[in-house]
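As structure tokens, the structure follows; a few thoughts come after it.
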Amino acid sequence: MSFVLLYLYTSCKIIRFASSSAGLVFFFLIYCIFSVQGYFYNELPISVYWAEISTQLLPMIFFFIPFNQEVDKERFYRIFVVAITIAIVLGIYYYIFNPPAYIQYIVKTANTAYEGSIGVSIQRFNSIFGSTIMGSFSVFMIIIIIYRFWDVKKEYSFLSLLLYLLLYIIAFVSAILTAQRSSMALAFFCVVFMYICSILCRKKILKSFTFFNVLLYVVVVTVILTMFQEYFDFFEERIDSIDGAFDERNGQWIDTFKHSENIIFGTGLGSAGHKVLAFTKYHITDGALFKITAECGIVGLIFFLYIIIK
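Take 1 as the starting number for the sequence shown in the UniProt record's numbering and just add one per residue.
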């Protein structure tokens, strides 16, 4: 998903959502809602379905309403960056001080083992959403900031560049602290892909962007090595395990599909995600496309890919 978004940004082919695009997404949401039919036979509690509706579909619906108007893309990106920046800053405060109310909140919503591991092992950065979605949000924020450098129509003042530098560092640090392998890999991939596009399309490397990256890596690595050696060891272990991530999840995907009762239309929204860990051993904790296939079937996957490609 991040690769597709970055390609659309850098190739300047992203189009503001008009009625047709919003309509396609709306019908996909309707399809996901009707996937409730899977709960007639998957032996899972219907509360899993409603929980998935509230966290996955409801936030998306408001973005595409009303359908007869174009969305102000720049305003949406601006609000998104501000919102995620606030979430990251709050998250860093909670990450450092771990107030009791926050610990109970994370235990109930994101990680049941969070309280018991405080002071024992390195914590993933959860903020208020959980480490998985914070990793994704951080990568999307990085993509938006990178897009600013790619926009040749705008000239930025020195203060604007400093602001982007600060936001870039915040987003990158957030992606790393989540310790989500996919987010860390995609964050670095976005930077590399930016340089590839600069060389191939512009025949030059953006000096300001290079300065940002050099400063970021020097500061972050220096701080981690000198002050938080245990953090460096933890992240080094997570990065080294990226190569084996596919093999680690491969068996999980195969087992879930083997025991799927309806691979064509799926077994229902939420029926293969994190919310079913307490109810079944067949689930998909990593791999969004595999999760969509298990929950919405091959039909849902084709529908989703068509929207992305279009």
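Even for Gly, the Cβ is constructed at its ideal location relative to N, Cα and C.
When the five nearest sequence neighbours on each side are left out, no beta carbon in the same chain lies closer than 6 Å to the beta carbon of residue 96. In this structure the region 122-132 does not touch the region 156-164; the number of beta carbon pairs closer than 8 Å is below three. Sequence-distant Cβ neighbours of residue 178 in its own chain, meaning closer than 6 Å and more than five residues away, are 124, 125, 131, 134, 135. In terms of CA proximity to residue 268, 53 leads the group 25, 53, 24. Segment contact: the region 274-289 against the region 250-263, three or more CB-CB distances shorter than 8 Å; contact assigned.
A distance below 7 Å between beta-carbons, with the five flanking residues on each side excluded, links residue 266 to the following residues of its chain, in chain order: 35, 38, 294, 295, 296, 297, 300.
Judged by beta-carbon spacing, residue 170 lies within the 8 Å limit of residue 85, meaning their Cβ atoms are closer than that value. Residue 104: member of the alpha helix (DSSP H) spanning 100-109, first to last residue. The alpha-carbon separation between residue 219 and residue 193 amounts to approximately 22 Å.
Less than 8 Å separates the beta-carbon of residue 190 from that of residue 139.
For residue 309 and residue 302, the gap between their C-alpha atoms comes out near 10 Å. Ranked by how close their Cα comes to the Cα of residue 233, the residues 176, 81, 292 have 176 in first place. Between residue 172 and residue 185, the gap from beta carbon to beta carbon reaches 8 Å or more. Straight across, the Cα-Cα distance linking residue 92 with residue 137 is about 15 Å.
Going by C-alpha positions, residue 217 is about 25 Å away from residue 78. In the three-state scheme derived from DSSP, where H, G and I count as helix and E and B as strand, residue 157 is classed as coil. Nearest to residue 276 by C-alpha distance, out of 29, 45, 31, is 45.
For residue 179, there is no enclosing alpha helix (DSSP H), as DSSP gives it neither H nor E. Our two residues, residue 257 and residue 263, have alpha carbons roughly 7 Å apart in a direct line.
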